[in-house]
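I have placed the structure first, in the form of structure tokens, so that the comments after it can refer back to it.
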Amino acid sequence: MDLRRLPVLAAALAALAAGWWGRGAEASIHTYDREPFREVGNAFLLSGGSEGIVADGADPAAPASSFIKFVNVTFWRTPEAAESHAKMAHSTGLVQAILFEAADRDNIGGSAYGGQRSICCTPDLAKLEGCKQGEVIRRPSSDDPDWPYVLDTHFSANYLSVKLEEEQVHITKTGMYNLFFISCDPKLRGLTMSGKTIWRNPGGYLPGRMAPLMKFYVLMSLAYLLVMIVWFSQYIRFWRDILPIQNWITLVIALGLFEMTLWYFEYLNFNSSGVRPVGITTWVVTVGAIRKTVSRLLILSISMGYGVVRPTLGGLTSKVLLLGLTYFLASEMLDIAENVGTINDISGKTRLFLVLPDAFLDAFLILWIFTSLSRTLEKLQARRSSVKLDIYRKFTNALAISVIASVAWIGYEVYFKATDPFSERWQSAWIITAFWDVLALVLLVVICYLWAPSQSSQRYAYSGEAADDDDEEAQSLTKGDGEVGMVKIDKDRNVGVSNAFSLEDEAEEDKRE
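Under mature numbering (1 follows the signal peptide of the UniProt record, and there is no 0), read the sequence shown as residues -27 to -1, 1 to 486, first letter to last.
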């Protein structure tokens, strides 16, 4: 019932989804292990991280609770670069750490005479901008002249490494902050870096864009708990009349409650420690993948009329299980890639490779679900099962509304990402993720309402002789004892027709599907 990355637009949006959808792997303690700098224009650059940070309170005397701290950050150059300098030389290479808010991104770099934009100051730019040649071009922010914040670190003599002095930068303005380590010295090709930076919000280490989700998962856990209490009370009360499909609904509710609770505790641990342990996060996403798989198979089974117009899935059981296993593996790999990791998001090509199987499987599932629903409705109409037909029509309408809402939300998500390339609307980005969990819960509640355990549950169950279907019509037609004979004749005739229809239809449907 989680229709995340709904396949109705999967084929058209798969390429866009590859770069945008999903929860990114982030960590508020960014660790660097001899990370290499890459050449960008006339500079060597290494991204140190990007996170939304909420500013401290108004009390300037209070200890800083929003900050970015540099710990044991060490730069390493190649032996060839070190040997090119004398032992007594003073400054033999400069590396700069540039920290800036997304709104000030245009204050970094410049271009001479409308040419290509440069990060480092060139002789022409030194004349135009007044910058210092060999350093990063920086113009003061209109809000605070001390920003963008720059930390300089100089290599000495012919040493291979240099350590950046530990410093804690106090964040006084709420925004999306970006950190880059940059060198403009052409002799420092092959530069690497190790160490870590600590990013903290007032409420803990959880990145700003993820912090609202911790409260959201508390509310979702309570919502699932309420559904579980109501459902289970009915389940216990009418346990003698429970249908097989109601057992699967119980499993989905339990998995949803378990998943939301695990997400909350995973975020709570992340918020207190600043890191996401691989084992814990893998366990959480695995439970989520199981829940999504079972939810989809539940909808597919209901659409096929399992337990209502057919006692089993028959020859389709192996196909349904194979599809479920395939979907679980695809969903598991995608969720692990998006959630388990450090500060570095997976590349666009890797994400595309993982999103495409998940999207195509979702598309196939939706097609199969609506095809099966159409056949089930035809059967119920032919058998004149008014009660069952009413339930399935309501279910079809709910599913159709979910599809429409999902397609609309996918369009909004594409618009949201396309119009916010620098994540400046990070404070509302959590809604993108939350929508899919809410939609899954709403659809689950609808299914619980339609298939709620009751003393009449068995009236909706499959009957090999279709007697129950005819009994419904008999009860509605019978007004008094004088009409019993007419009803009996109709029943006898209908039973024969229904038996023939049921046996031939089951075999024919298995062939078609």
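By construction, the Cβ of each residue, glycine as well, lies at the ideal position given by its N, Cα and C atoms.
The alpha helix (DSSP H) enclosing residue i, as first and last residue numbers
i, result
"GLN207", "184 to 210"
"residue 509", "Outside the displayed range of the chain (-27 to 486) lies residue 509, so it cannot be described from this structure."
"PRO217", "217 to 246"
"TYR422", "403 to 423"
"TRP49", "Unbroken run through TRP49 is the beta strand (DSSP E), 40 to 49; no alpha helix (DSSP H)."
"ASP214", "Where ASP214 is concerned, there is no enclosing alpha helix (DSSP H), given that its DSSP letter is neither H nor E."
"ASP116", "Premise fails: ASP116 is in no alpha helix (DSSP H) and is neither H nor E."
"GLU56", "52 to 56"
"LEU98", "96 to 102"
Exposure label - residue i; buried when at least 16 CB within 10 Å
i, result
"LEU450", "With a pLDDT of 30 at LEU450, under the threshold of 50, the modelled position of this residue cannot be trusted; read the value that follows with caution. Burial call: exposed."
"GLN219", "buried"
"GLN69", "buried"
"ARG111", "buried"
"TYR388", "exposed"
"ILE226", "buried"
"LEU199", "exposed"
"MET61", "exposed"
"HIS127", "exposed"
"GLY148", "buried"
"GLU53", "exposed"
"LYS367", "exposed"
"PRO96", "exposed"
"residue 521", "Shown here, the chain extends from -27 to 486; a query on residue 521 therefore has no answer."
"SER91", "buried"
"PHE118", "The question names Phe, but residue 118 is Pro in the sequence shown. Exposed, by the Cβ-count rule."
"GLY455", "Note that GLY455 scores a pLDDT of 42, beneath 50, so its modelled location is shaky; the value from the coordinates is reported in the next line. With fewer than 16 Cβ atoms within 10 Å of its Cβ, GLY455 is classed as exposed."
"ASN370", "exposed"
"LEU414", "buried"
"HIS63", "exposed"
Residue i, enclosing beta strand (DSSP E) - first and last residue
i, result
"VAL251", "Unbroken run through VAL251 is the alpha helix (DSSP H), 251 to 276; no beta strand (DSSP E)."
"LYS390", "LYS390 -> not in any beta strand (DSSP E); alpha helix (DSSP H) instead, spanning 359 to 391."
"PRO9", "2 to 9"
"LYS136", "134 to 136"
"GLU24", "16 to 26"
"ILE124", "According to the sequence as given, residue 124 is Leu; it is not Ile. Residues 122 to 127."
Secondary structure of residue i, DSSP reduced to three states
i, result
"MET306", "helix"
"ASN174", "strand"
"ASN80", "helix"
"PHE154", "strand"
"SER345", "helix"
"GLU12", "strand"
"GLU140", "strand"
"SER427", "coil"
"GLY163", "coil"
"GLY107", "coil"
"GLY168", "strand"
"GLY297", "helix"
"SER291", "helix"
"ALA447", "Its pLDDT being 35, under 50, ALA447 is placed unreliably by the model, and the measurement read from it follows with that caveat. Three-state DSSP puts ALA447 in a helix."
Anticipated Cβ contact below 8 Å, residue i with residue j, distance rounded
i, j, result
"THR349", "TYR300", "The Cβ separation is near 22 Å, so there is no contact."
"ALA65", "SER129", "A small correction: the amino acid at residue 65 is Thr; Ala does not occupy that position in the sequence shown. With 8 Å as the limit, THR65 and SER129 qualify as a contact, their Cβ atoms being about 7 Å apart."
"TRP120", "PHE43", "Actually they are not in contact, since the Cβ atoms of TRP120 and PHE43 sit about 16 Å apart, beyond 8 Å."
"SER276", "LEU346", "4 Å"
"ASN244", "GLY176", "7 Å"
"HIS3", "TRP172", "7 Å"
"ASP158", "LEU98", "Between LEU98 and ASP158 the Cβ distance is about 16 Å, and since that is not below 8 Å, they are no contact."
"SER1", "GLY247", "4 Å"
"ARG182", "ALA402", "5 Å"
"ILE41", "LEU152", "7 Å"
"LYS352", "GLY278", "7 Å"
"ILE272", "ILE342", "6 Å"
beta-carbon residue i near the ligand FAD non-hydrogen atom, thresh 7 Å
i, result
"THR65", "Among the components of this structure there are no ligands whatsoever, and the ligand FAD is therefore not found."
### Query
Do three or more CB pairs link the region 378 to 396 to the region 159 to 169 at distances below 8 Å?
With contact defined as three or more Cβ pairs closer than 8 Å, the region 378 to 396 and the region 159 to 169 are not in contact.
### Query
With contact counted as at least three CB pairs below 8 Å, one residue from each stretch, are the region 168 to 178 and the region 75 to 83 in contact?
Segments in contact, no.
### Query
Is the region 200 to 220 touching the region 249 to 257, taking contact as three or more C-beta pairs under 8 Å?
Judged by pairs of C-beta atoms under 8 Å, the region 200 to 220 does not touch the region 249 to 257, as fewer than three such pairs exist.
### Task
Examine the Cβ distances between the region 127 to 138 and the region 18 to 27 and report whether three or more of them are shorter than 8 Å.
Judged by Cβ distances under 8 Å, the region 127 to 138 makes no contact with the region 18 to 27, as fewer than three pairs qualify.
### Query
Is it true that the region 230 to 239 meets the region 181 to 190, where meeting means three or more beta-carbon pairs spaced less than 8 Å apart?
Yes: the two stretches touch, three or more of their Cβ pairs being nearer than 8 Å.
### Query
Touching or not, the region 194 to 214 and the region 46 to 60, by the rule of three or more beta carbon pairs under 8 Å?
With the cut-off at 8 Å, the region 194 to 214 and the region 46 to 60 do not touch.
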